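Report on one structure; see the data block that follows.
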Amino acid sequence: MSDGNGTVTVTINGRRVETHPGRLLIDVAEELGIFVPRFCYHPGMRSVAVCRMCLVHVEGQRKLMPACATPVSDGMEVQTDHPRAVDAQSGMLEFLLINHPLDCPICDRAGECPLQDQTYAHGPGTSRYVEPKRTYEKALEISDLVVLDRERCVLCWRCVRFADEIAGDRFIQLVDRGAGTQILTFSDEPFDSYFSGNTIQICPVGALTAKPYRFVSRPWDLKTAPSICAYCSVGCPISNEARAGQLVRCQALPNENVNDFWICDKGRFGYHYVDSPERLDNPLVRKGDSFEVTGWAEALRTAAEGLRGAASVGVIAGGHLTTEDAYAVQRLARGTLGTADLDSRIQDDGAPYELMVDAAGVAGSTATLNDLESAQTIVWTGPDPREELPVLFLRLRKAVTGRGAKLVVVSPRRLSLDAFATHVVRCEAGAEAAALEGLRLGNERPAADDVASADALVCCWGPSSPGRDETPILEQVVALAAERGGKVLVCPPHAGSQGLLDMGVHPALSPGYRRPETRGRRTREILEAAASGEIDALVIAGADVLNDFPDAELARRALTSGAFVVVSELFATDTARAADVLLPAAAYAEREGTFTNLERRLQKLEQLLAAPGTAREVWRICAGIAAAMGDDWGWTSFDDVWADINASVPTHAEVDVQALTQPHPVAGPHQESGYELMPNDMVMAGPGGPMPKGHRSGAAFEAGQAWPLSWELRSFEAHLRPGLIPVAADGTGEVGTLTERASATRREPGTFRLLSGRHIYDEGTMVSRSAMLHELAKEPFVALNAADAAEIGLSDGAQAVVEGATSVTLPVVIDDIARGAVYIPYDQPGLHANTLMRGPEPTVTVRPA
Amino acid sequence: MSAGFAEAALEVLEGERLEDARRILAKYPNPRSAVIPLLFLVQSIQGYVTDEGMRDVARLVGITPAQVLATGSFYTMLKKRPQGDYVISICRNITCTHLGARRLIAEVRDRLGVELNEVTSDGRFMLETAECLATCDGAPSGQINYEDVYHLTTDKVMDMIEALRRGETVTSVRGEPIRTIREISYEMAMTGTGLTALGEATARTVAGEVLPPDMAPGFRPRVTGTPAGARPRPGIEEAAESAGEMGAPEAEGEQPGDATGGSEAAAPGNRPGHPGSTEEESR
Amino acid sequence: MAIPELAKGFRMVLRHVFRRKETVAYPEVRRQPFPRFKGRHVLDRHPDGLEKCIGCELCAGVCPADAIYVVGAANTPEHRFSPGERYAQIYQINYLRCIFCGLCVEACPTEALLMSTEYEISGDSRASLIYTKDQLIVDAPIRRHWPTRKELPPDFNITGGGLSFTEVERPPVPIPLPTEGVSGPFEGGWSGERDTASAFSDRGPRRED
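This is the structure:
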């Protein structure tokens, strides 16, 4: 009975349960451990009830009801094992199998196929159908990554709904609806979505398969380990899957706090670099113009000698280091080497994360990703999230299109968010701070009205373009959030970026966001000092400064000035080739570790593979260098590093790193899995755990309520891990005085501010060694405002000479971009845009070729 | 994709046709509602719905071509392959089959010298089969360009085809001249925009009811009041409005006051498609 | 006490002394196994010369000894090895592990994998006992002495001899073995045999880096 707290009591298979009205029967049953078979229902998407597999008997209803589209109501009595329901389920499976080709032996899905599994559990053993089956052309490549087999399709619409609801890339559709319904793309328009791989994972049959994984393995061949995607700072949990010691597949693991159920295609298909033959496997020491392979002892001794002999050392760490690596780099720099000159900001050099410490007590976000979904208004200023932080783009899109949040985008150029933004404030490049101030003071209407009226406001900021000083922008973001009682989501670029900040790889922050005694040099200053000889040794960990630092010429001079350079890297990058000692590092799948994502959530990676040769973790390399210099840290294991971190980093003092491997606590006993007959002892209803929101059925979830687990997730059951956000001291909520804003000045005609940003498939160290993705990288271009282009006599598609530090000819794209600015992608094949940049606030001239 | 919509990128809907397209788009509060009429507009230009046409529609409406394909492929009157000028559809359901439709289809097919759903060598005629056309009283029945023709024999069909080939006027059982696919597609597209290729008051229901010229052929509203031309023709806007109401099942029993012409008495015999009212045409 | 027992034992010995011997003087004398003896595997071909094996790995999946290692790959119009989409790029049977149970043959959905009567499998190295696809696959389709379907013809006769390797009427088209020009991962698939991977993989298909 309803108890006045808005709960209802339903009885499912004789078991009474109290739950919230409006929740779906299928979810409530699953929490009880009663699995209702289904194909079309997916907890991450709205119900459509098209597969008719989940029909159950509801007392008092003449017809069977689809459990995925029936909200629970008070006093409802449901029987999922009613003879009529069982009969209907068996009949539906027989219908589905009428046209399903029995090519399981060659189907990639066989062995983990919901259709196979549910046919075993609920289906008829034989078919009465003897007529010829529907046939289509097999193995249709609908994109560079996805292969479609329409014969296997059971028309559950999951891919179509995903493309429509979640990604917004409506390139895959139901065509010829009627008796001949099929899934198809438009003739010459492939399924080019950055999220297309998710449709492969949610396809309940083998209709959509991954081209890179095609015929590569069988599910029972795979060894898997949960991990965290090593690309961007969203930190999506993934499962790495290897066969015979090679990484062959990555799948999304669900974490509703972070990625829901989704990952981007870069995370899913960008794993080939791990097994690349170009990987460094043994230490190399420079002998004249060439490298010589050595053992670790000699390499570390050489490095130690070089560093000991240096008057001043600069340390630069790249954004893909784990939290432990970050701590080790910091300890090596501040402890062993005794230098304050260390930084981890390469592409985002000068991004003022440290501003957040005063305001919020942390050099990072005060908002979580979940806050986006309860926000009424979201303000975005920063990079294009679809290119640089793809799953954050999905979360933003869900907040706006699914939750009705208002989105205000402040940007000098068109971002993918504009498509669904409530207000787009197109400001001049350099005038973002002014625009944000306008939002704060109410001048920038009507966007300011939505900001002012929001009870829950989240302001997002990320470094928007390399080489720019973003201090005034972040100050305004913080001030805006502080004034409206909002939260700030800080979006650093890479998987390890936040961990590096937390661990004090920053000239003005020591571990735990404390202020160091001496403020050191930032990346640009380190490179300048190295170029001028002030710094005569560099330690570079996982950073390709030559290609990533927004002043290629400065980076080149720094590396060739005669400074002693120690580099640890996965590959012989351009930077690594300038090293005196080159130490091979282990990739993310080859090690244990943690990444800290943009909401400062610690999540753990497990080791799946052996590193090539003698490559090892960066923390081991740092400890080795320190030991060779006579400073033995006594680290031999991952736990040793964490013991040190617990002891020396106040914010992380309470973190029990091994607890990060704990899955969600199991909510209760699950008596009826319904799958006793199935292989692998699958337990369908799984662990519960706190799920702070309930987007599935529109009803609010309570804390501690069980989180139902579907068969998609069954193999990951043990790996469902929420991660942990370390608690930090509160800040003042204010930044001090705001910096004087540089007013947007008119420049000479033909001279433009150079805006740039990474694209999802680029020439990055890892993507460029992932064959499948590297082919997708687009050619560079220069985007201009139509009026600017007309002024200098350029049109869409014309060739333009862009001259900055160097000169390059690029095709012109007319785009919605502020006047006085051009946009060039940062790192596409044929052009590292940092070669055009010289000094801060880079500008270029553009003229017709 | 650029933020604005670049007209220069349109391949099919250009010039006057673009004006037509804008007129269609102006009819609807949500541009997506215009997909079907716009596809008919493409069909009126190209004779069938081409990929380029679907791309244009997608650009105009602001959806992806795949969505246009998904919508358009449901409708059998929107053909994705060349269909010639005239589509001959012959019913193959029970009544017509009993009266020899299968043989009829086979014979017409052989006489035309093409397979079903293929266009004749002169590129003008295509034979297809149809599911029940609700004209069992005229069985074996069919349609030429969706105009009803009754009591078909192979010779009768071939005579009509030859007449059309010679450029003569062939009329349907409703006495309407059969027009080409392009013409009727244009009319379908422009319904409700005030533009039509038809002259005034030539569209006629089976019951002899004169329809406003902007109503699509084949659209048979429930008719009350005086038959045959005596009914005042509502304005274009009113027609569109009443058409909308006709489409909704709840509006079935109601009539807009201005369309009834003051006559309250609904004559059951005048319901369109009722056998009693078709004796003149079907004899 | 022991006398009767001894007599009983010697009587048994004496009786067998005059019996026909079951043993043969191998290798001078070699016994013909029964036609359905489960010996070394062979991979069959279709009459048109295409491989029957589709690389589905079901044999490997069912193998209780984990003796079979298969890696599939996609057929292309230029390089077609089997009908359909998939073929076995790598097919290896480790005879150090094989227990000749025949489950693999039962699991094979295309009747590609059969067992011949060959039982003389020995070698002087671990590597030489890992048979690769080019060793297992026959040059021409196998003519069976039993029908492949359940319905037995009236003139069915099981005494026709073992698997005969004679050609059928339609000569097979020459097709390339996938040992050349095929690159793929995973040259060593078994746990526990990894130390010998480099030794055996130089005979099998391997990646040319």
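Chains as they are written, first to last, in the working numbering: chain A, 3 to 851; chain B, 73 to 355; chain C, 116 to 324. Note that beta-carbon positions come from the ideal geometry of N, C-alpha and C, so glycine has one too. Keep in mind it's a predicted model, so treat the numbers as computed, not measured.
- Its chain contains Ala630 as the residues whose beta carbon lies nearer than 6 Å to that of Arg303(A), once the 5 sequence neighbours on both sides are disregarded; these appear in chain order.
- Its chain contains Ala169 and Asp171 as the residues whose beta carbon lies nearer than 6 Å to that of Ser195(A), once the 5 sequence neighbours on both sides are disregarded; these appear in chain order.
- With fewer than 16 other CB atoms across the displayed protein chains lying within 10 angstroms of its CB, Phe125(C) is exposed.
- For Arg17(A), no alpha helix (DSSP H) run applies; the uninterrupted beta strand (DSSP E) run containing it begins and ends at Arg17 to Thr21, by DSSP.
- Taken in chain order, the complete beta strand (DSSP E) segments of 3 residues or longer contained in the stretch 88 to 172 of chain A are 148 to 150.
- For Ala437(A), the uninterrupted alpha helix (DSSP H) segment begins and ends at Glu434 to Leu443.
- Residues of chain C with a Cβ closer than 7 Å to the Cβ of Pro107(A) are, in chain order, Ile169, Cys171, Leu173 and Pro224.
- Restricting attention to Pro850(A), Asn787(A) and Arg849(A), the CA atom closest to the CA of Ala823(A) is found in Asn787(A).
- If you draw a 10 Å sphere on the C-beta of Phe217(A), you find 16 or more other C-beta atoms in it, and that means buried.
- Spanning the alpha carbons of Gln139(B) and Ile762(A) requires a straight line of approximately 25 Å.
- DSSP places Asp277(A) in the helix class (H, G or I) of the three-state scheme.
- For Leu757(A), not one C-beta of chain B is nearer than 8 Å to its own C-beta.
- Around the beta carbon of Arg333(A), a 10 Å sphere encloses 16 or more other beta carbons of the protein chains shown; the residue is thus reported as buried.
- When C-alpha distances from Asp249(C) are compared across Tyr206(C), Gly176(C) and Pro119(C), the shortest belongs to Tyr206(C).
- The residue from Leu561(A), Met55(A) and Trp463(A) with its alpha-carbon nearest to that of Pro68(A) is Met55(A).
- In this model, Ala580(A) and Val567(A) are separated by some 7 Å (Cα to Cα).
- Here the alpha carbon of Phe152(C) sits roughly 10 Å from the alpha carbon of Gly217(C).
- Nearest in C-alpha terms to Pro221(A), of all of Pro107(A), Arg310(A), Ala328(A) and Ser189(A), is Pro107(A).
- When C-alpha distances from Asp504(A) are compared across Asp451(A), Asp373(A), Val729(A) and Leu482(A), the shortest belongs to Val729(A).
- For Phe293(A), the enclosing beta strand (DSSP E) stretches over residues Ser292 to Val295.
- In chain A, no part has a C-beta under 8 Å from the C-beta of Asp128(B); the shortest such distance is about 13 Å.
- Annotation for Asn257(A): Pro239 place their beta carbon closer than 6 Å to its own, counting only its chain and skipping 5 residues before and after.
- In the displayed model, Gln250(C) falls within a helix according to three-state DSSP.
- Between Leu255(A) and Pro228(A), the C-beta gap is smaller than 8 Å, which places the two residues in contact.
- Nearest C-alpha to His776(A) among Thr847(A), Phe271(A) and Val453(A): Phe271(A).
- Residues of the stretch 176 to 191 of chain C with a C-beta atom less than 7 Å from some C-beta of chain A are Gly176, Gly187, Ala188 and Ala189, listed in chain order.
- Against chain B, a Cβ distance below 7 Å from Leu176(A) picks out Ala142.
- Closest in alpha carbon position to Leu371(A), among His274(A), Val490(A), Ala437(A) and Glu390(A), is Val490(A).
- Contact annotation: in the stretch 222 to 243 of chain A, residues whose CB is within less than 9 Å of a CB in chain C are Trp222 and Asp223.
- Within chain C, the C-beta atoms nearer than 7 Å to that of Lys140(A) come from Glu200, in chain order.
- Assigned with DSSP and collapsed to three states, Cys219(C) falls in helix.
- Straight-line spacing of the CA atoms in Gly535(A) and Arg131(B) works out to 58 Å.
- According to the DSSP secondary-structure assignment, Lys606(A) is paired through a beta bridge with Thr596(A).
- Rounded to the nearest angstrom, the gap between the Cα atoms of Thr837(A) and Leu756(A) is 12 Å.
- Ile108(B) has a beta carbon lying at 8 Å or more from every beta carbon in chain A.
- For Asp182(B), not one C-beta of chain A is nearer than 8 Å to its own C-beta.
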